[in-house]
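Working notes, structure below.
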RNA sequence: CGCGGAGUAGAGCAGCUGGCAGCUCGUCGGGCUCAUAACCCGAAGGUCGGAGGUUCAAAUCCUCCCUCCGCAACCA
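In my numbering, the protein residues as written are 80 to 719.
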């Protein structure tokens, strides 16, 4: 048994309803980089990723494709795994929630919480979006009974369900967050979550009966476990359900759950409370990172701007793609992707600065010293200054990496690369050579080799295949004692080593040629923008709805609500108050006097404390909205 | 006055435990010749969102305001 300190890191388990994109790639590369770094620092690491395979959405997608869920997802999961291989991801385990080892643990834990009374049976009625796997109250729905998040139609559902007593743990959660200020990172997310919980937690509905693609509730098999409840358990089931279960004792609690900002709530509220209920120690940190935006826009299938990482790796190389992702994404922030930005990073940072540093250094050693790295002399003041920076770099770099500030760590490291390039200019080895100052020349070239060696060690977690190429060129291949974290000291490079100058590490990209061949992302098909048709209904159904022309007597914004307008309407002799969520589209004053169409016999609803008697008709398309008018008909006229 | 984050050179960002306003890219001029048309130096370009205040000194601390973003609320 090793007595090394352990480091357990996870990515979310990805939902295989579609193929992996660059956002998945970012999270997974980050986890891989962190794992390699911690391993280099001497930790006993464990890196888990996988797929979350249950839920109504996958069941439905599979049915549409005429396949069973497993037939549907297997090829997609193969694509995930193939991409991780391409990207050089070295995970220790890949868990699928359809595996027996996961199901068993998930069921055991569900049972345990039930037996201690924190899961109870009740009834749930509400509107459900299958796409988002989320229930909404009637009031939460968007116009036309659509999902407020994704805009797709929702379905009504009434279920006998099991509920998890989240509310019971709210105070304990707040105490935990107070005691562990680094649990949720970055801090802005932490504040957000605290704020959310302080407004009160509802019990969570954790079972479904309306479909069966999930893990059965052990004591009531007509229910399946809610997918999120099921999915979060993977972080534990992958350890407990494997081999003799000792992995759990060794690696739990997790050191880092790496997640996108969209699923922070599940990981920082629901998951910790599940663990509290189970009396299992909580993970040490949940890091919510930003999104990879495509040309400053959110990536989505309907926008047709999804980036396939495979294509980028093929075109620019895996190492460059990894470097770009880790360098461009600031701590907790979104980053922007365009092909130009990627190419600029490659040309500037990798080709011009780092790759070219190796190239010019080996070039001079070849030309001035017949390919031999000679022992350094005593050195000048400029040398000392450079070596001071070199000496302080590992500590600075480590501090940033430990804090998972990968972009800043790389930026810091590159100050050394830039300093080295300037050092060459100042020292002018070609002049030293001409003047026959062989000792000074040997010192400069030796220092450069050492800088390259140390930078290469530090950059290896991000670009793991680069070091071997550099060691080959420097003539120290297979000398592992020179290539690890403990070798980050100036002066270890063996004098009189023979170098092997080779091909450029990172070829420059011809930006102009690139522009010419770049295919523009296909625009989304127009048909996709039209909302799905509601199922057929009877004439009798339509006849129940009484539509009338109404005149707007008065209209103003509802206070403390940015979407709401309050109307006073004339319907024949009668006056009505109606609230409508169209403040984003109309100024109140421009509507006064208009003749609009109202659903006049709709059951009243209270919105923001105002009773609304009816609903104004409007048409919606592509983010725009227009009220229907009947300018020449009097108030009270019936629509037939 | 719901909570939080942000507003700094043409673009993207750092600085924000108060002490001459910085980095990368881009633009312009120069240098070098070891190197991947690379590298190095210099210049132009900012009233650090606005207005007050504290201080010998404010991008940095305090107050108010404006704008953008996230979360919440809201969507008959």
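By construction, the Cβ of each residue, glycine as well, lies at the ideal position given by its N, Cα and C atoms.
Query, Result
"Going by CA-CA distance only, name the one from 513, 131, 337 that's closest to residue 447.", "513"
"Report yes if the C-beta distance between residue 272 and residue 347 is below 8 Å; otherwise report no.", "yes"
"Using beta-carbon positions only, say whether residue 692 and residue 655 come within less than 8 Å of one another.", "yes"
"If you count every other CB in all the chains shown that lies within 10 Å of the CB of residue 294, and 16 or more means buried, which is it?", "buried"
"Thinking residue 416 and residue 479 are a contact (beta carbons under 8 Å), I'd like their distance in whole angstroms, please.", "That belief does not hold up - the Cβ atoms of residue 416 and residue 479 are roughly 23 Å apart, past 8 Å."
"Tell me whether residue 509 is buried or exposed, calling it buried when 16 or more other Cβ atoms sit within 10 Å of its Cβ.", "exposed"
"Determine the direct distance from the alpha carbon of residue 297 to that of residue 183, and round the result to whole angstroms.", "9 Å"
"Please state whether DSSP places residue 237 in a helix, a strand or coil.", "strand"
"Please list the terminal residues of the continuous alpha helix (DSSP H) segment that includes residue 691.", "From DSSP, residue 691 is part of no alpha helix (DSSP H) but of the beta strand (DSSP E) over 689 to 691."
"Is it buried or exposed, residue 287, if we count other Cβ atoms within 10 angstroms and call 16 or more buried?", "buried"
"Cutting at 8 Å between CB atoms, please list the residues of its own chain near residue 661, excluding the five before and the five after it.", "642, 644, 695, 697, 704, 706"
"Across the region 494 to 504 and the region 523 to 543, are there enough close Cβ pairs to call them in contact, namely three or more that are closer than 8 Å?", "yes"
"So if DSSP puts residue 414 in a beta bridge, which residue, or which two residues, is it bridged to?", "371"
"Here's the rule: buried if 16 or more other CB atoms are within 10 angstroms of the residue's CB, otherwise exposed. What is residue 199?", "exposed"
"At which residues does the beta strand (DSSP E) containing residue 636 begin and terminate?", "626 to 636"
"Are at least three pairs of beta-carbons, each pair with one atom in the region 684 to 691 and one in the region 665 to 672, less than 8 Å apart?", "no"
"Under DSSP, the beta strand (DSSP E) around residue 336 begins and ends at which residues?", "335 to 339"
"Is residue 119 closer than 8 Å to residue 470 when the C-beta atoms are compared?", "no"
"Using 8 Å as the threshold, is the region 147 to 162 in touch with the region 81 to 91, meaning 3 or more CB pairs across them?", "no"
"Whole angstroms are fine: how far does the CA of residue 282 sit from the CA of residue 136?", "23 Å"
"Can you list, in chain order, the residues of its chain with a C-beta nearer than 7 Å to that of residue 602? Leave out the 5 residues immediately preceding and following it.", "Bear in mind that the predicted position of residue 602 carries a pLDDT of just 44, short of 50, making it unreliable; the figure below should be weighed with that in mind. Result list for residue 602: 383, in chain order."
"Starting from residue 402, follow the alpha helix (DSSP H) in both directions and report where the run begins and ends.", "397 to 407"
"Can you tell me whether DSSP reads residue 130 as helix, strand or coil?", "strand"
"Within the same chain, show all residues whose beta-carbon is closer than 8 Å to that of residue 100, passing over the 5 residues directly before and after it, in chain order.", "378, 385, 386, 387, 388"
"For residue 361 versus residue 332, is the C-beta distance shorter than 8 Å?", "yes"
"Taking all protein chains shown into account, do 16 or more other C-beta atoms lie within 10 angstroms of the C-beta of residue 624, making it buried, or fewer, making it exposed?", "exposed"
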